[in-house]
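Below is one structure, written out as structure tokens; comments come after it.
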Amino acid sequence: MRERTAAAAEPVAFWEHFEGHPYALPDPVVLDAAEIDAIRAAARDAWSVFARVAELLRALPDDGLEALGIPAAAFGVVRMRDLRAGETLVGRFDFLRENGAYRVVELNAETPFFIVESFVENGLRVRARGLRDPNEDERARLGEALAAAVQPLGADARVGVVATNVYREDVGTACFLRDLLAERIEAEVVFVPVHELAVEDGVVLDARGPLDVLYRCYPLEHFAADPGGPALFDAVARGACRLLNPPSALLLQSKAAQALIWGLYERGEFFGEAERAAIARTFLPTYLDRPDDGAAYVRKPVLGREGIGVAILDGAGAEVAHGERAVPAIAEQPVVYQRYVRAPRRRVRRADGLEVDGEELTTCFVVAGRPSAVGMRIGGPVTDSWSYFAPVGVR
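For the sequence shown, the working numbering gives the first residue as 44, with consecutive numbering after it.
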């Protein structure tokens, strides 16, 4: 569960706690510059593979999109290509470190959060401890990428950054992105609570008027399930409004894309020599059906979020750990089975002084196809909204 906040149009204070529990750790995790380089190299490798397979995913027939978990209402828009934004504009890789290599757990291509932590709070916290911020200058690069993706827009155009107004993280992230973009373009940029979004006579608008671009902090599959979703998708298909991240990002968000990548790799198909080497370095075996090989696997809904519905299975297929139990919308999704990797463990001190042991999840954003801000979460075997934010500093 995430901390709720009232409706807001102004930036909210950073979410130091979730539901009364500490979230931000006071002591930075210190890494060498070479380790930061290795994380970004893994992100570069992994992104080259996802970018290569994107066109293949877009060309899938309807039953292929269904296997990815794509809602039928979104079949048309996910096949669209946005040349200015690329396959996704802002994505985040989650990695587990195994024998010195960083392995892709998933690509959050659709509506990646952990943005404020990585692009703002990380630097504030590590510099206060006399450490170097590995993400120095990444905030400016993010802003420049956003501005380039929404152009060309006239001064009378309007851009909405849309999110729920229920959770502090959603509002805070949306307001950060709103301000970052507003600093760089002439068009009006506003925060739009998703319940204020409407489509009338084919025009996408909020309470104050039409919107030319929507930057989404709200998942495409949620739009597909909302009553106004089909009308929004029709407006996007007609070019009346653009979505960022582009709808095609949902194809990469699906964990079934990783099963497709691994299947092609195992069969020696589609990928060239350099891409196959990148897959070997950074990907984990991932399948649509659990292999009968006696190995431990992680079962994941293809469009699950925040660890909901995730379970770790032992070699016999029995659950040994799990995340929050899935709500029906997630429980009904197809699943994948990804080889289990035991994450590195680290003892950390919470803001209340309590010391806890947790497992490391390393993150790296990719912005406009380029590795960007690095971060870390520390939590249980399944990373969820209760996992801690660990600032990362460089010696």
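C-beta: ideal position from N, C-alpha, C; glycine also.
- Around the CB of L167, fewer than 16 other CB atoms lie within 10 Å, so the residue is classed as exposed.
- Straight through space, the alpha carbons of G197 and P424 are spaced by roughly 48 angstroms.
- Judged by DSSP secondary structure, R382 falls within the beta strand (DSSP E) whose first and last residues are V378 to R382.
- Under the three-pair Cβ rule at 8 angstroms, the region 262-275 counts as touching the region 240-250.
- Closest by C-alpha distance to S297, out of I373, G245 and R310, is I373.
- Here A364 carries a strand assignment [DSSP, helix/strand/coil].
- Under the three-state reduction of DSSP, Y340 is assigned to strand.
- Comparing alpha-carbon positions, the option among M419, P414, P114 and V435 lying closest to T406 turns out to be M419.
- Counting only unbroken stretches of 3 or more residues, the beta strand (DSSP E) elements lying wholly within the region 166-242 are 201-206 and 231-236, in sequence order.
- When Cβ pairs closer than 8 angstroms are counted between the two stretches, the region 316-326 is seen to touch the region 80-95, the count reaching three or more.
- Counting along the chain, no alpha helix (DSSP H) covers D125, and no H or E run does either.
- Under the three-state reduction of DSSP output, E349 falls in the coil class, being neither helix nor strand.
- Collapsing the DSSP output to three states places V410 in a strand.
- In terms of Cβ geometry, V73 and R438 form a close pair [threshold 8 angstroms].
- Pairing T154 with P262, the inter-Cα distance amounts to about 6 angstroms.
- The shortest CA-to-CA distance from L404 to any of P71, H265 and Y431 is the one to Y431.
- Nearest to V363 by C-alpha distance, out of A339, E375 and D176, is A339.
- Listed as beta-bridge partners of R285 by DSSP are V256.
- The C-alpha of L346 is placed about 23 angstroms away from the C-alpha of V417.
- Non-local C-beta neighbours of G252 in its own chain, meaning closer than 8 angstroms and more than five positions away in sequence, comprise R201, ordered along the chain.
- Residue A128 holds the alpha-carbon nearest to the alpha-carbon of A192 among A128, N178, V409 and V379.
- If you draw a straight line from the Cα of A117 to the Cα of V370, it is about 21 angstroms long.
- With respect to R221, V209 sits apart: the two C-beta atoms are not nearer than 8 angstroms.
- Judged by their CB atoms, D400 and R392 are not nearer to each other than the 8 angstroms cut-off.
- When only Cα atoms are considered, W429 and G337 end up about 31 angstroms apart.
- Under the three-state reduction of DSSP, V425 is assigned to coil, being neither helix nor strand.
- R385 carries a coil assignment under DSSP once its states are collapsed to helix, strand and coil.
- Taking C-alpha positions only, V163 is separated from L254 by approximately 28 angstroms.
- Assignment of L404 by DSSP, reduced to helix, strand and coil, places it in the strand class.
- Nearest to D244 by alpha-carbon distance, out of F156, G412, C284 and R227, is C284.
- The region 55-64 makes no contact with the region 95-105; the number of CB pairs closer than 8 angstroms stays below 3.
- DSSP places D106 in the uninterrupted alpha helix (DSSP H) bounded by D105 to A110.
- By the CB criterion at 8 angstroms, A110 and A299 fall inside the cutoff.
- F432 sits in a strand when the DSSP states are folded into three classes.
- Between the beta-carbon of G436 and that of R175 there is about 6 angstroms, and that keeps the pair under the 8 angstroms contact cut.
- Of the residues A411, V410 and A321, the one whose Cα lies closest to the Cα of A144 is A321.
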